[in-house]
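All letters in the sequence shown, in the order written, are residues -19 to -1, 1 to 880 by mature numbering (1 follows the signal peptide of the UniProt record, and there is no 0). Using N, Cα and C, we set each Cβ at its ideal position, and we do this for glycine too. Below: the structure, in structure tokens.
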Amino acid sequence: MAVLFATHVLLLILSTATTLHFSASKAARLNMTCSEKERNALLSFKHGLADPSNRLSSWSDKSHCCTWPGVHCNNTGKVMEIILDTPAGSPYRELSGEISPSLLELKYLNRLDLSSNYFVLTPIPSFLGSLESLRYLDLSLSGFMGLIPHQLGNLSNLQHLNLGYNYALQIDNLNWISRLYSLEYLDLSGSDLHKQYWLQVLSALPSLSELHLESCQIDNLGPPKGKTNFTHLQVLDLSINNLNQQIPSWLFNLSTTLVQLDLHSNLLQGEIPQIISSLQNIKNLDLQNNQLRGPLPDSLGQLKHLEVLNLSNNTFTCPIPSPFANLSSLRTLNLAHNRLNGTIPKMMLDLSSNLLEGSIKESNFVKLLKLKELRLSWTNLFLSVNSGWVPPFQLEYVLLSSFGIGHKFPEWLKRQSSVKVLTMSKAGIADLVPSWFWNWTLQIEFLDLSNNLLSGDLSNIFVNSSVINLSSNLFKGTLPSVSANVEVLNVANNSISGTISPFLCGKENATNKLSVLDFSNNVLYGDLGHCWVHWQALVHLNLGSNNLSGVIPNSMGYRSQLESLLLDDNRFSGYIPSTLQNCSTMKFIDKGNNQLSDVIPDWMWEMQYLMVLRLRSNNFNGSITQKICQLSSLIVLDLGNNSLSGSIPNCLDDMKTMAGEDDFFANPLSYSYGSDFSYNHYKETLVLVPKGDELEYRDNLILVRMIDLSSNKLSGAIPSEISKLSALRFLNLSRNHLSGGIPNDMGKMKFLESLDLSLNNISGQIPQSLSDLSFLSVLNLSYNNFSGRIPTSTQLQSFEELSYTGNPELCGPPVTKNCTDKEELTESASVGHGDGNFFGTSEFYMGMGVGFAAGFWGFCSVVFFNRTWRRAYFHYLDHLRDLIYVIIVLKVRRLLGKL
């Protein structure tokens, strides 16, 4: 008893002493003052910087510098650290300007972090090499340029040096680094090292434990010329270089302490050598996105500490080796996008996008007690487990999209309490969602159950995930309630009914951060209400294809961050509210198929970021002003089926994107949300009629270039400037009152796939240049006043006579009317062949044969020997297959709808 009492007294004394110590320390920190010399040095440093967010506003001579944000002092008031980085998510904007040499007055400064700022076109100051006490220097992601100063080699106490991702830094030699004997961490990512003997220099650093050389243009991993001494190296990152060779065996003997090796995206070839088993301490091995092939070595199964193995995006053609089942520490195994075959050993991994077939049973999971990620998407595998199966692991990521789960909802998920991400899109589930599921999802950050046959009533459901995709199912009832955590809510293509006002105006939704709201293709009705003040974070709103009515409320225009507004296929009336001009970053507007009227407001032509404008099938009148040409980012302009009059503006060539002067691969119509999952994107969808049939565009929408002004009252000539829109793919000016002729240079629109000028008053001859439109697959010039011979070419003669009908003065194939001698002579002169019969000569057919053979075998050779082109070509064929599938489905749906 006495011992217990003494113990309590001792603990009380220690607790009191600790409290007094921390109180004293806190008081000391509050009372500490830096010297006037150091304060003035910091103020001079501040004056050299541009600070757009005023984060340094409290740096003044009226306060002690040890209390300034970003400044840390020791107990005696000496400035020890300056931390002014601007990481992603920071409330501040980047600092810029010049780094003042006044920092040399800070004799005790041991940490300087200016990373993720905007010192573009600024060299790294050489005087930093005189900060003798410096142990930590981070200037990464800040745009520095020029030669890395050799004076940094004087920092003998430096332990951490990060100059990565500046992308304009130059290195003439690395000898200065060899003097940094205390260096433990080095990042030179983005610098050009392809002429440097980096291996010999850096291996001489006795304390180096982490080395990052990503994107350094290293093109050779030849054997070291001398002895290497990476005795403490634990992390080696050589990813995204140009190695283009087999994996050298000596690399696996470089360091016995290596725990992480990253060689991804290096064009590495050949097989993985068996000697990889030498990496006995390795925990993370990344060889993804290379050209590795052949069998997977059994020796990988000997890496008993391996936790993460990524071999995805290679061309391995083999079964999965059975020794992989011995990887008991494995948490993530990614073999996606290979050509694996055979059966699954008793283990599990990321097998997505492979050729594996067969069932996955409970026995495959027995040894995987530490499994955290289950990725089986896009395979021909199917899950065969009992309904009462209890998995031996607790998953965090469950990716089972386009995977054979079965018709029943997987009950085993109920026993997984740590799941962050669940995707079961296109999994063939046709079942009622169990009652326990919605409470279970309250812990989920990302939920995707789209494109199944799931059913249930969402009326009384409360959802909490950041990203929720329940689209394309059989859900019914009214809209669910959402928590303040939800960023994306997609319930499109279901049977949800009721009015939208309770959702918009409910008290539980008064504070939210919803960025994407997609309720399209349901049976919602009523007006839009006036509660849009609650939706301050809204970026994308899609309410298309419902039964909504009334006017578009003015309050909708006060969502200044709104970038996409889709209200198509409803019964809205009235005019477009002027408040929408407040949405200055708008990219996507679709109000087609409504009952809107009045003129199209002038401010709409001033929305410089607008990419898609679809107002077809309304009651708009007035003219199309010259201001439309200010929409330089536009890719889709669809104003068809209105009552617009006047002429087509003659400045269309100012539309830079239509003219092909844009970044072809950029896709600002794709939105990403969340912070811990790479599959969290949302892409816009648009239904267009580019070739007479409705097609839905999503992934390939960014490739569309379309102008549709059909079924209006436009008059005048087709402006010649339209011929300069070289990237345009679909042009429809039919059913107007246009006159004059077709511009002679229209054949320069090389990518044009569809041209419809029918039902106008256009006259004159068809220009010979149209025969140069090699991509043209739809042509309709019917019911105009064209005359003369149809230009002779394989392209124009391939269309049916219906494409030219209603032009009684046209002659020559494919129409039945023969041309007179005068018309023949005119045609010969316009084509430019001496006897007018070049296509009937033997030279023509001989040349055609030789040209075909050369072109065919040249194409086959390129596809056979060039792996990148081969992948691109077959990727194109996959997209073509999807397009054909969509066309067939729409045709069948339309036919069934008529029965």
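Buried or exposed: residue i, going by 16 or more other Cβ atoms within 10 Å of its Cβ?
i           : result
Ala473      : buried
Asp42       : exposed
Tyr178      : exposed
Trp231      : exposed
His521      : buried
Ser735      : buried
residue 885 : Nothing in the structure corresponds to residue 885, since the chain is present only between -19 and 880.
Asn441      : exposed
Arg597      : buried
Asn717      : buried
Gly203      : exposed
Leu667      : buried
Measuring only the C-alpha atoms, how far is residue i from residue j?
i      : j      : result
Asn322 : Ser416 : 38 Å
Gln607 : Gly627 : 11 Å
Ser358 : Ser614 : 36 Å
Pro82  : Ser236 : 40 Å
Leu577 : Gln151 : 59 Å
Leu284 : Ser431 : 38 Å
Leu139 : Ser77  : 25 Å
Glu62  : His53  : 5 Å
Ser280 : Asn262 : 14 Å
Phe767 : Gly722 : 8 Å
Tyr146 : Asp218 : 14 Å
Thr313 : Tyr117 : 33 Å
Trp49  : Ser39  : 6 Å
Ser258 : Leu684 : 47 Å
Tyr506 : Gln562 : 26 Å
Val347 : Glu195 : 38 Å
Gly275 : Asn523 : 48 Å
Pro229 : Asn315 : 23 Å
Thr786 : Pro795 : 10 Å
What is the C-beta distance between residue i and residue j, in whole angstroms, given that I count them as a contact (C-beta under 8 Å)?
i           : j      : result
residue 916 : Ile477 : Residue coverage of the chain in this structure runs from -19 to 880, which leaves residue 916 outside it and unanswerable.
Glu377      : Lys342 : Contact doesn't hold; Cβ gap of about 22 Å is too wide.
Gln269      : Val240 : Not a contact, Cβ separation roughly 18 Å.
Leu470      : Leu498 : 6 Å
Phe233      : Leu260 : 6 Å
Ile113      : Ala22  : The amino acid at residue 113 is misidentified as Ile; the sequence shows Glu. Incorrect: roughly 15 Å between the Cβ atoms, too far for contact.
Ile253      : Pro278 : 5 Å
Ser784      : Asn761 : 6 Å
Asn291      : His318 : About 11 Å separates the two Cβ atoms, so there is no contact after all.
Ser447      : Asn466 : 6 Å
Gly641      : Ser707 : 5 Å
Find the nearest neighbour of residue i within the set the options, judged by alpha-carbon distance.
i      : options                        : result
Thr459 : Ile481, Gln226, Ser613, Ile449 : Ile481
Val504 : Lys494, Leu122, Ser530, His515 : Ser530
Leu287 : Phe125, Asp499, Phe305         : Phe305
Ser303 : Gly282, His193, Asn450         : Gly282
Ser436 : Ile449, Trp421, Arg92, Val414  : Val414
Phe601 : Gln562, Leu561, Lys637, Ser692 : Ser692
Ser71  : Arg540, Arg36, Leu676          : Arg36
Tyr89  : Leu65, Ser97, Leu115           : Leu115
Leu248 : Asn265, Thr238, Asn222, Leu266 : Asn222
Leu186 : Asn156, Glu17, Pro278          : Asn156
Arg320 : Cys299, Ser624, Pro748         : Cys299
Asn265 : Gly275, Ile256, Leu242, Gly134 : Leu242
Phe108 : Leu224, Pro724, Arg679, Glu79  : Glu79
Leu192 : Phe732, Leu311, Pro205, Ser220 : Ser220
Cys610 : Pro700, Gln749, Glu195         : Pro700
Ser382 : Leu364, Cys197, Ala518         : Leu364
Gly555 : Ala411, Asp579, Phe384, Asn574 : Asp579
Pro630 : Asn623, Asn622, Leu612         : Leu612
Going by DSSP, what residues sit across from residue i in a beta bridge?
i      : result
Cys792 : Arg770
Thr480 : Tyr506
Ile64  : Asp94
Phe418 : None; Phe418 has no bridge partner.
Phe601 : Asp579
Asn713 : Asp689, Asp737
Is there at least one Cβ from chain C nearer than 8 Å to residue i's Cβ?
i      : result
Gln177 : Absence of chain C from the displayed structure is noted, only one protein chain being present.
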